[in-house]
Every structure is written in structure tokens, then in C-alpha cells.
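Visitor:
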Amino acid sequence: MAQYAAMRSIGAYVPEKVLSNSDLEKMVDTTDEWIVKRTGIKERHIAAKNESTSDMGAKAASMAIERSGIAKEDIDLVLCATVTPDYFNMPSTACIISKKLDIVNVQAFDISAACSGFVYLLSIAKAFIESGMKKNILIIGAEKFSSIVDYTDRSTCILFGDGAGAAIISATSSKKESIVDIHASADGTYADFLVTPAPGSVNPANQKMLDDKLNFVQMKGNETFKLAVKTLTQDVVEILETNNLKASDIPHFVPHQANYRIIKAVGDSLGMTKEQVVLTVQKYGNTSAASIPMAINDIYESGRLKEGDLMLLDTFGGGLTWASALLPFAGKTK
Ligand SMILES: CC(C)(COP(=O)(O)OP(=O)(O)OC[C@H]1O[C@@H](n2cnc3c(N)ncnc32)[C@H](O)[C@@H]1OP(=O)(O)O)[C@@H](O)C(=O)NCCC(=O)NCCS
25 MAQYAAMRSI GAYVPEKVLS NSDLEKMVDT TDEWIVKRTG IKERHIAAKN ESTSDMGAKA
85 ASMAIERSGI AKEDIDLVLC ATVTPDYFNM PSTACIISKK LDIVNVQAFD ISAACSGFVY
145 LLSIAKAFIE SGMKKNILII GAEKFSSIVD YTDRSTCILF GDGAGAAIIS ATSSKKESIV
205 DIHASADGTY ADFLVTPAPG SVNPANQKML DDKLNFVQMK GNETFKLAVK TLTQDVVEIL
265 ETNNLKASDI PHFVPHQANY RIIKAVGDSL GMTKEQVVLT VQKYGNTSAA SIPMAINDIY
325 ESGRLKEGDL MLLDTFGGGL TWASALLPFA GKTK
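Position in the sequence shown (from 1) plus 24 gives the number in the working numbering.
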């Protein structure tokens, strides 16, 4: 019998500390008005000093496991998407999260696809399950973006926040419950649009690299903005067309939460209503690979997400990478 992949649960973790726009006004030459007007962001959450990406990922994962009703012992793959791993570059954050959750002797690894990481993980989980290799996969998007942000650079420090989201993807024989389609792609031509230049094999760790602040994220904001709007829109048009759907068939459009203006431009050009578009960027900022699962968790917790509701995920990030996914929520809802 054919085996399909279904999203059984969602979970998220948001660190306690809030960094508001007025806090940032005291740190760099900016204003609340500028940030809200250009990005829609009002505040973001920042992990504690002793709180790592794996700590946040493990908390989101625990919630997703509990809500799925699946025993921890039945999880046979743990995947984490992050560009702010606990360590550059081993052990993987997925291995550390597995240890924290006491999921032992199970395959675990990280992927690096920046903000597209969670949807990339969905495609990997779908392939593992449909091939019959795995049955219950824990996927996690977790970021301590504050660890690679230069809080003296006003063009980037206003944008990003920390957090984590997770889901359980399980095998099912029901086509109705299954992930409908995923498109994922990349183009390294634009690798310099979003980059953390060091440490790595190009710029190994040394004093000069620290003096030059190469360990912080660098971004070509304007260029990224334009390409994001174009790619995110095109992606949705393609996946809807392939699946004979219209924008109005989608109750929950969950775009990557980078900038309200990007989300609005994409939503408007697709003819999505305000009710269809999930928006969390105002309170979390851009949490990279955690952004999509944190947004799904938001509509789960508010009771907006109902069992079987179709979701359209749409993301874009460093690499450049982009991805979209069509899937019903196949777990219990509030
Ligand atoms: C970063 C971003 C908000 C900047 O907005 P923008 O409208 O493109 O602004 P610009 O970069 O053109 O800068 C305009 C002016 O504002 C200034 N500025 C930049 N950051 C500022 C801040 N935080 N506060 C006040 N002024 C700021 C610039 O210095 C520039 O001043 P100048 O005209 O005197 O040179 C926007 O480009 C963006 O969101 N890009 C996409 C980012 C993104 O999504 N990244 C992640 C993808 S996953």
C-alpha cells in the first residue's frame, strides 16, 4: 500500500526577553516609526545568554511530540534546519536536540537553507516517508539569530529575532491527510545577498575576521527585497497552477515572516484577503528557519487552524533558496 506523509502536530518556543523598537532606538540611530513603516516589526524575542539554539529547538520539539500523540520511541528521524547551530560545524544541533529529548540511536542531522529551512525539511521528510524508509519524523526550525547579528548595524539588527518551531511528520495511508506538493529550489548566483562571511573555510576564525566583524550577517536589503517579492509570488502561482487550485481555495497562506511590506505585496498580487494571510512578523521579527512553524503554531494556538485545513507555505532566504508547500493540517486542533 502507498505510504504518504502527513503533518500530525505543530509546536513552537519563543524566548522570554522582548527587544522592542524603543529598545533599539537606544542602541542604534533608528526610530520606532521607521522600523514599523519599512518592516511592520514592533518587537522581537531574544534568547537568554545561556540559551542555545538546541535549547529552544528541544522545547518546540517537546510540544510537537506531545501534541502528536506519538510516542517518542517511535520517532525514527530527527532533522533540524538552522543557520545558527550550537556549534560550527559539529556536532549537529539535531544530535544535541535528540540527546536533550532522550531520542537515542536514531538518525539525526542538520540542514542549512536559511529561511527556507523548514519547508526544505518538509520535502526531505516527505521523501523519506514515501520511500518507506521512515515512519515518524521530527522536524525542527530553530534559530538564535541574535548570535550572528551586529547590534551596531541598524540595517540588519532591527529585522531579526530568536525562536523555534517543530512538527511531527508521519506516515499515513490516507491521501486526504497527506502533503499535497512541495516545490523547493535555489540559485547560488545571489549568494552574496545574505551572507555570514566567517568563520568558515573561506575565512577561518582569527582575530582579523573578528575585527572586521565578518562573523555577523551581511545583507543587500534592497536587492533581497525585490527578489523576495518576485520569487515568493511566482512560487505560489506555480504550485497553485500545478495542483489546479486558486488562491481563494487556501484558508491559510503562511509566508516567511521577513517584512510586512514583502508579505503585503505578495498577498496583494495573489489576490489573498487579510483573513487568509498569516502574519506574525510584527511580534517575532524574522526568525529565519523558525518563522514558518512559529506562524503555523500561532494559528494553531489561536484556534484559527482547524483539522484538515489546507495551508500554503511560501518561503525565501539566503543561498538564495526558496520553497513552497501545499498541505492539510492532519493533527488534532483546538
Ligand atoms: C532592510 C530593509 C527594511 C530596508 O528598507 P529599505 O526601504 O530598502 O531602505 P534602504 O536600505 O533603501 O535604506 C533607506 C535609508 O534608510 C536608512 N536606514 C537603514 N536602516 C535604518 C534604520 N534601522 N533606521 C533608520 N534608517 C535606516 C538607510 O541608511 C538609508 O538612508 P540613506 O537614504 O540616507 O542612504 C528592506 O530592504 C528589507 O526588508 N529588505 C529585505 C530584507 C529581508 O527580507 N531579508 C531576509 C530575507 S529572508
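Cβ atoms here follow ideal geometry from the backbone N, Cα and C, with glycine treated the same way.
Assuming G181 and L294 form a contact by the criterion Cβ under 8 angstroms, report the distance between their Cβ atoms to the nearest whole angstrom.
Guide: Position 157 of the sequence shown, counted from the first residue, corresponds to residue 181. Position 270 of the sequence shown, counted from the first residue, corresponds to residue 294. For the sequence presented, residue 181 should be read as Cys rather than Gly. Rounded, the Cβ-Cβ distance is 31 angstroms, inconsistent with contact.
Visitor: Looking at C-alpha atoms only, which residue of E299, A314, L256 is the closest neighbour of A289?
Guide: Numbered from its first residue, the sequence shown carries residue 289 at position 265. Selected option, being the one with the closest Cα: L256.
Visitor: Along the beta strand (DSSP E) that carries L351, what are the first and last residues, could you check?
Guide: Here residue 351 corresponds to residue number 327 of the sequence shown, with the count starting at 1. Following the DSSP letters along the chain, one finds L351 inside the beta strand (DSSP E) bounded by residues 345-352.
Visitor: Taking 6 angstroms as the cut-off, is the CB of G341 close to at least one heavy atom of ligand 1?
Guide: As a first step, residue 341 is located in the sequence shown; it is residue number 317 there, counting from the start. Result yes, Cβ under 6 angstroms from ligand 1.
Visitor: Could you name each continuous alpha helix (DSSP H) segment of 4 residues or more that falls completely within the region 260-297, going from the start of the chain to the end?
Guide: 284-294
Visitor: For K83, does the count of other Cβ atoms within 10 angstroms reach 16, so buried, or fall short, so exposed?
Guide: Taking the sequence shown and counting its residues from 1, the one referred to as residue 83 is at position 59. Buried.
Visitor: Buried or exposed for A282, going by 16 or more other Cβ atoms inside 10 Å?
Guide: Here residue 282 is taken as the residue at index 258 of the sequence shown, counted from 1. It is buried - the Cβ of A282 has at least 16 other Cβ atoms within 10 Å.
Visitor: For C139 and A349, what's the separation of their Cα atoms in angstroms?
Guide: For the purposes of this step, residue 139 is identified with residue 115 of the sequence shown, where counting begins at 1. For the purposes of this step, residue 349 is identified with residue 325 of the sequence shown, where counting begins at 1. Rounded to the nearest angstrom, the two C-alpha atoms are 14 angstroms apart.
Visitor: What does the Cβ neighbour count give for K73, buried or exposed, with the cut at 16 atoms within 10 Å?
Guide: Your numbering for residue 73 matches position 49 in the sequence shown. Its Cβ having fewer than 16 others within 10 Å, K73 is exposed.
Visitor: Identify every run of the beta strand (DSSP E) within the region 178-255, keeping only runs that are complete inside it and at least 3 residues long; order them along the chain.
Guide: Here the runs fully enclosed are 186-196, 205-210.
Visitor: What alpha helix (DSSP H) runs, 4 residues minimum, are completely inside the region 55-122?
Guide: 56-63, 77-92
Visitor: Would you mind stating whether I164 and G81 have Cβ atoms separated by less than 7 angstroms?
Guide: Residue mapping note: residue 164 aligns to position 140 of the sequence shown, counting from 1. Residue mapping note: residue 81 aligns to position 57 of the sequence shown, counting from 1. Yes, they are a contact pair.
Visitor: Taking the alpha-carbon positions, what's the A29 to A188 distance?
Guide: Translated into the one-based positions of the sequence shown, residue 29 becomes position 5. Translated into the one-based positions of the sequence shown, residue 188 becomes position 164. Rounded to whole angstroms, A29 to A188 spans 22 angstroms at the Cα level.
Visitor: Could you tell me whether any non-hydrogen atom of ligand 1 is closer than 6 angstroms to the CB of F184?
Guide: Numbered from its first residue, the sequence shown carries residue 184 at position 160. Distances between the C-beta of F184 and the heavy atoms of ligand 1 are all 6 angstroms or more.
Visitor: At what residues does the beta strand (DSSP E) containing G165 begin and finish?
Guide: For the purposes of this step, residue 165 is identified with residue 141 of the sequence shown, where counting begins at 1. That run of the beta strand (DSSP E) goes 160-168.
Visitor: Quick one: residues in its chain with C-beta nearer than 7 angstroms to the C-beta of I323, no 5 flanking neighbours on either side, listed in chain order?
Guide: One-based indexing of the sequence shown puts residue 323 at position 299. Excluding residues within five positions, the ones whose Cβ falls inside 7 angstroms are H276, V302, L329.
Visitor: Cα separation between F240 and V173?
Guide: Here residue 240 corresponds to residue number 216 of the sequence shown, with the count starting at 1. Here residue 173 corresponds to residue number 149 of the sequence shown, with the count starting at 1. Inter-residue distance for F240 and V173 is about 5 angstroms (C-alpha atoms, whole angstroms).
Visitor: With burial defined as no fewer than 16 other Cβ atoms inside 10 Å of the residue's Cβ, what is the status of Y308: buried or exposed?
Guide: For this step, residue 308 is matched to residue 284 along the sequence shown. It counts as buried.
Visitor: Taking the alpha-carbon positions, what's the G64 to L43 distance?
Guide: Locating residue 64 in the sequence shown gives position 40, counting from the first residue. Locating residue 43 in the sequence shown gives position 19, counting from the first residue. Spanning the two alpha carbons is a distance of roughly 15 angstroms.
Visitor: Tell me the residue span of the alpha helix (DSSP H) that contains D322.
Guide: Numbered from 1 along the sequence shown, position 298 holds the residue referred to as residue 322. Element bounds for D322: 315-325.
Visitor: Do you know how far the Cα of A271 is from the Cα of Y284?
Guide: Stepping through the sequence shown from its first residue, residue 284 is reached at position 260. Stepping through the sequence shown from its first residue, residue 271 is reached at position 247. Cα to Cα, Y284 sits roughly 19 angstroms from A271.
Visitor: Return the bridge partner residues of G309 from the DSSP annotation.
Guide: Taking the sequence shown and counting its residues from 1, the one referred to as residue 309 is at position 285. BP columns for G309 are empty, so no partner.
Visitor: When DSSP labels each residue in this structure, what does L336 get in the three-state scheme?
Guide: In the sequence shown, the residue the question calls residue 336 occupies position 312. L336 falls in the strand class under three-state DSSP.
Visitor: Would you please state the rounded distance, in angstroms, between the beta carbons of K124 and S78? I believe it to be under 8 angstroms.
Guide: Taking the first residue of the sequence shown as position 1, residue 124 is located at position 100. Taking the first residue of the sequence shown as position 1, residue 78 is located at position 54. The Cβ separation is near 6 angstroms, so the contact holds.
Visitor: Using the DSSP secondary-structure output, state which residues sit across from F133 in a beta bridge.
Guide: Position 109 of the sequence shown, counting from 1, holds the residue named residue 133. Answer is L103, bridged to F133.
Visitor: Below 8 angstroms on the Cβ atoms is my guess for T311 versus D186; work out the distance and round it to an integer in Å.
Guide: If you number the sequence shown from 1, residue 311 lands on position 287. If you number the sequence shown from 1, residue 186 lands on position 162. Distance from T311 to D186 at the Cβ level is roughly 7 angstroms; contact confirmed, criterion being Cβ atoms closer than 8 angstroms.
Visitor: Around the Cβ of F142, are there at least 16 other Cβ atoms within 10 angstroms (buried) or fewer (exposed)?
Guide: Numbered from 1 along the sequence shown, position 118 holds the residue referred to as residue 142. Buried, since its Cβ has 16 or more Cβ neighbours within 10 Å.
Visitor: Does the Cβ-Cβ distance between L234 and N227 come in under 7 angstroms?
Guide: As a working mapping, residue 234 is identified with position 210 in the sequence shown. As a working mapping, residue 227 is identified with position 203 in the sequence shown. Result no, Cβ atoms of L234 and N227 do not sit closer than 7 angstroms.
Visitor: By how many angstroms is the C-alpha of N321 removed from the C-alpha of A434?
Guide: A question about residue 434 goes unanswered here, because the residues of the chain that appear run from 25 up to 358.
Visitor: Does DSSP classify A26 as helix, strand or coil?
Guide: Here residue 26 refers to the residue found at position 2 when the sequence shown is read from its first residue. For A26, the secondary structure class from DSSP, reduced to helix, strand or coil, is coil.
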